[in-house]
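Chains as they are written, first to last, in this note's numbering: chain A, 669 to 1060; chain B, 167 to 444; chain C, -7 to 408.
Where is the CB? At the ideal position from N, CA and C, for every residue including glycine.
Below: one structure, written as structure tokens.
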Amino acid sequence: MTRPHRMSYEDIAVTVPFTVPYERFSIRGAHWFVGRALDGLIREAGLPKQSIEGLVVSSFTLAPDTAVGVTQHLGLSPRWLDHVPTGGASGLMALRRAARAVQSGDADIVACIGADTNHVDSFRQSLGSFSQFARDATYPYGSGGPNSIFAFITAHYMQAYGATREDFGKLCIAQRENARRNENALLRKPLTMAEYLGARPIADPLRLFDCVMPCAGAEAFLVMTVQRARELHLPHATLLGAIERHNAYADDPIFVRGGWAVDAAELYAQAGLQATDIDFVQLYDDYPVIVTIQFEDLGFCAKGEGPAFVRSNSMTHDGSFPTNTSGGQLSAGQAGAAGGFLGINEAVRQLTGAAGSRAVSNARVGLVSGFGMVTYDRCLCTGAAILAAASA
Amino acid sequence: MDASTTMTDDTRTRADASTGAAALGAVLAALASGRIEVVDLTQTLSPEFPQIALPPEMGQCQPFRIEEVSRYDERGPGWYWNNFSCGEHTGTHFDAPIHWISGRHLPNNATDTIPPADFVAPAVVLDCSREAAADADFLLTVDFIERWESTHGRIPPRAWVLMRTDWSKRTDPVDYQNYDETGQHTPGPDTAAVRFLVEERDAIGFGTEAIGTDAGQAVHLRPPYPCHTFMHGAGRYGLQCLANLDRLPPTGALVFAAPLKIRQGSGSPLRVLAMVPR
Amino acid sequence: MTEPLARPPRKNPVLRTPLPTLPPGGRSRVGLGLTAAAAVGRFMLQHCRDCGAVQYPPREACHACLSVRLRWRDTDCGGELLSDTRLHHSNDLFFRERLPWRLGLVRLDAGCSVVAHLHGDVGPAPARVRLRLCLDRAGQAVMMALPPQDTPDMNDDPQLREMTCDPKFRKVLVTDGKSMVGQAMVRALASAGADLIWVGHAEPWKRMPGAEGLSALPQVAWVPLDVTDSRSVEELAGEIGGKVDIVVNTAELHRTHGISGRRGVDTARAEMDVNYLGLLRLAQAFGPALRGRAADGVPSAVAWVNLLSIYALTSFPAHGTYSASKAAAHSLAQCLRAEVRPAGVRVVNVYPGPVDDEWNQLLPPPKVAPAALAAAVVKALREGTEDVYPGDVAQEWFERWRDDPKALEREVSAGG
């Protein structure tokens, strides 16, 4: 399909991947984690706070504040501000917006922060008013969250394409293996297939290790020009392409493909690459079935061949198809909206040689995806980006 | 005091205040010493007490109902009181002449205009309890009255004629009302008996233990409801739902029966008391 | 196959009674359109008047063409179960207490995907299902996927039973069992499997034909009850209130007067005292115990049925004071619903047209036979609906009233 000319993302640098360590529960408010993230960004960048003149924030627990309240709370006076309340897709969407702001000159340096606290009742409190459709047509049915929806999707996918629980188990086990080399991950004990298969049932066929563990924490990065990153001596990744698509395939009776499939060709065209050129992927992993579907929708295999793809690859950092090399949310934990930024930060670390013992060897190009906002029976927001190591 | 003596105007003018005072004093002394007993002839007012029911197309006399206002609680911390409602003819009650169409034009015919002296009167008690036990539709006749008089003497003028049937001992409301498919079956006077008591004996009123002064099937007498028709038509009164008539002597009791002073009232529930010499 | 409900054992009196919990009850205004449909037992969705697209979840504008001309209409309830799950975990107290709980994702033939509670006789996916809009324990509409045809003991499914007020194995109070309607009600409840039916009667000296026959039913226990007498109501509540699962208020006084056809307010007052204040007395006396027992096992307190009248919605002038008393009762019944719904008790309001009894003798047919009225009440309890319009007259008047109450007012006063 021919498209009108879209501006490239050249000259954009993604840098200073910063993680506020995850905690299972915290008495702090979300602003604390936003503040720690901002502090981490400016320290590691060696920048004064005032130089942050663009800010984009994503958080579930910042209410009643948005990014607006953060400016006053933390003493910022940005000339570009955005609030992207789209959960698991917010990192990709923040990146795209920040990149255009920098390219247009609307802001020199943009801080992108995904942060959330987690109290004992945070999860339950956020559910009741998540969306109008959820309130009317999902929440009353008792799942109290997306588990039942993804149980439907998982069961249907298994029946339609022959995926087995062992396939999903293999993904989870590989990610857990990756997490062992991530000090920030909350779950680092090796996972066996027997443990995975025999874990506490949540909503058939999902069991405990199919679900992320909510926690408190933050992930943040800076977006600036490549030139500026070099001036500041900041290791950085470049942005070769980025897409987003919302409420795609609305007529599909049940979710089997996501918005990435609509624009994946466009993504590779922007980057001038093919799927086979990708060295690693950081795919949004709220549930293993979604990782599997993204293998298909992002062009790594055909629709329905996800199970075969999983069986014939190894997803550990040193395997044939490194996936979620930090352990992903399934092993690191989901710090609310930070889950949408976790993949970008891991990609930047891999591409700047900062991934330590879980480094993917010769990692030059990586793909990151985002996925979020179950407002009724499926996630509505999708996004993806291709990042590259900076040329010397 | 001899119940057959009346205080004529002449007597009254001859009696001076000290004689009246002495008489009252003697009564009080007798009450205190128990030589005169106060007997309560009244049923307790409660929602359970049967209420006369007319055919459904007609207006109904309301049964007794009581609603608590407060009982030492948040509605009134230091006190207990109720609001109650009922018809004029609920429970033990008094019928004034204005209650019946035959008495509607008589002077002083309502509860607020009846001369109060009429509320104090001697009483005779006609024991029909055996007859009523055998036949719920028993009718008091002239013959029965004359036989009673042959034992107890002539019924004095301006006296209450009370028909004892022991009907008040029927504590089950179903037995008290005594309905079947043809209506109610309770004892009362026949037409001739009522006319006799009014015209020949100058009775001040007729009283019964059942729910009406007329018999339960009195609609079928001629005229219908003769006790109401002739008593009230002659400016006399009625008492119904009386109790404890078995504790009264055939003659000699003094009855106090004063209805509430309701403006143009046709009757009212009341406390009927008898002073009985012992 | 659904396990038929077993007679529950006697309650252990030393254990604390579990308190009622409710599923989430918040709904948007458009979402309440589903509740309105469930209340009367209809399956309705929004249809776009401009392009015909069916909408779910409910919304303000057509998802296909943006038109705001969306109308609620009866919709084909058939669908395909695409996927199903069994919940083993929930943060919600109501569901947590009832795990595991089955849910399904259904593709309606009408074209939307629906999350639904799943009846035990359905599935696994793929399977054909029939959807029903049910009022859940919070009194709000939810989708329930049932087998395409009724199955044996279908109503005994534990998940479906949470939506309904089935009289089976429950104890019921019928406030007036002597009237023709009351007698029919007692018989219908006995046939529906009620364990015990307290049959209220006032004025014991008045015998109504047929009433004595009820004593032959083993479930029947006659109890004195006069709804105009506060103490009578309180005493009965004190005696049996803690065991009543369903109250069916049949007590009514019906006279056939308007305003100028009869002088005096005594009959109007009597109608109010029975039809309106009677309900108030009963609700004050029996309400508290009912509210505490909505989660008391299989024989839980579950419903309060009020026999109102379609004349509650619009005055039938020939029976004007009766209509007014029923209108007052209707309003109070709504108040009662608001007070007991948070406790998981359903108030079922019944609005028949003229019943085929002595007070409606002069009205032409169609009239509702007492047995038909009783059957409609039992059906409402079994299906968990809360607003019932039994009989042709009630159905038609209700439609006319919803369409335009002013037009109905004129039609009725013209003798229509």
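At the 9 Å Cβ level, is residue i part of the contact set with chain A, yes or no?
i, result
"Trp64 of chain C", "no"
"Ser405 of chain C", "no"
"His39 of chain C", "no"
"Arg223 of chain C", "no"
"Leu305 of chain C", "no"
"Ser82 of chain C", "yes"
"Pro118 of chain C", "yes"
Within 9 Å (strictly less), CB to CB, does residue i reach chain B?
i, result
"Ser20 of chain C", "no"
"Glu195 of chain C", "yes"
"Gly408 of chain C", "With a pLDDT of 48 at Gly408 of chain C, under the threshold of 50, the modelled position of that residue is not reliable, and no figure is offered here."
"Arg199 of chain C", "yes"
"Thr259 of chain C", "yes"
"Thr377 of chain C", "no"
"Ser207 of chain C", "no"
"Thr220 of chain C", "yes"
"Gly256 of chain C", "yes"
I need the boundaries of the beta strand (DSSP E) containing residue i, first residue and last residue.
i, result
"His193 of chain C", "188 to 193"
"Val1036 of chain A", "1033 to 1042"
"Thr279 of chain B", "Thr279 of chain B -> no beta strand (DSSP E), and no H or E assigned at all."
"Ala905 of chain A", "904 to 914"
"Asn852 of chain A", "Per DSSP, Asn852 of chain A belongs to no beta strand (DSSP E) and is neither H nor E."
"Asp293 of chain B", "286 to 293"
"Ile232 of chain B", "231 to 239"
Could you tell me whether any Cβ in chain C is nearer than 9 Å to the Cβ of residue i?
i, result
"Ser170 of chain B", "Only weak support exists for where Ser170 of chain B lies, its pLDDT of 48 falling under 50; the value from the coordinates is given anyway. So no, Ser170 of chain B is outside the interface."
"Arg803 of chain A", "yes"
"Glu234 of chain B", "yes"
"Asn275 of chain B", "no"
"Tyr225 of chain B", "Here residue 225 of chain B is Gly; the residue named in the question, Tyr, does not match the sequence. Yes - at least one Cβ of chain C is within 9 Å of the one on Gly225 of chain B."
"Tyr917 of chain A", "no"
"Pro216 of chain B", "yes"
"Ala289 of chain B", "no"
"Arg231 of chain B", "yes"
"Gln800 of chain A", "yes"
"Gln228 of chain B", "yes"
"Phe791 of chain A", "yes"
"Met167 of chain B", "The predicted model places Met167 of chain B with a pLDDT of 45, which falls under 50 and marks its position as unreliable, so this point remains unresolved."
Tell me the DSSP bridge mates of residue i?
i, result
"Glu72 of chain C", "C:Arg99, C:Arg120"
"His109 of chain C", "C:Leu95, C:Met136"
"Gly373 of chain B", "B:Leu328, B:Leu405"
"Cys126 of chain C", "C:Val134"
"Ala440 of chain B", "B:Val205, B:Val421"
"Tyr435 of chain B", "Here residue 435 of chain B turns out to be Pro, not Tyr, going by the sequence shown. Paired residues: B:His259."
"Val891 of chain A", "A:Val682, A:Val778"
If you follow the alpha helix (DSSP H) that residue i is in, where does it begin and where does it stop?
i, result
"Trp333 of chain B", "Careful: Trp333 of chain B lies outside any alpha helix (DSSP H) and carries neither H nor E."
Chain-ordered residues of the stretch 166 to 184 of chain C with a beta carbon less than 9 Å from chain B: none
Interface residues of the stretch 123 to 134 of chain C facing chain A [CB-CB below 8 Å]: Asp128, Ala130, Gln132, Val134
At least three beta-carbon pairs within less than 8 Å, the stretch 34 to 49 of chain C to the stretch 150 to 158 of chain C: no
Cβ contact check for the stretch 744 to 760 of chain A and the stretch 801 to 813 of chain A: 3 or more pairs under 8 Å: no
Cβ pair count under 8 Å reaching 3, the stretch 209 to 219 of chain C against the stretch 171 to 190 of chain C: yes
Chain-ordered residues of the stretch 334 to 367 of chain B with a beta carbon less than 7 Å from chain C: Pro339, Val340, Gln343, Tyr345
Stretch-stretch touch, CB-based, cutoff 8 Å, three pairs: the stretch 887 to 901 of chain A with the stretch 966 to 975 of chain A: no
Segment contact, 8 Å Cβ cut-off, at least three pairs: the stretch 774 to 788 of chain A with the stretch 691 to 707 of chain A: yes
Residues from the stretch 932 to 953 of chain A in contact with chain C, defined by Cβ distance under 8 Å: none
Inter-stretch contact at 8 Å, needing at least 3 Cβ pairs: the stretch 311 to 323 of chain C / the stretch 239 to 256 of chain C: yes
Members of the stretch 350 to 366 of chain C that neighbour chain B once the beta carbon cut-off is set at 7 Å: none
Chain C contacts from the stretch 804 to 826 of chain A (Cβ-Cβ distance under 8 Å): Asp804, Ala805, Thr806, Tyr807, Pro808, Tyr809, Gly810, Ser811, Gly812, Gly813, Asn815, Ser816, Ile817, Ala819, Phe820, Ile821, Ala823, His824
Validate contact between the stretch 422 to 429 of chain B and the stretch 386 to 393 of chain B using beta carbons, cut 8 Å, 3 pairs: no
Residues, ordered as in the chain, of the stretch 853 to 878 of chain A that lie near chain C by beta-carbon distance below 7 Å: Pro869, Ile870, Ala871, Asp872
Cβ pair count under 8 Å reaching 3, the stretch 845 to 859 of chain A against the stretch 61 to 70 of chain C: no
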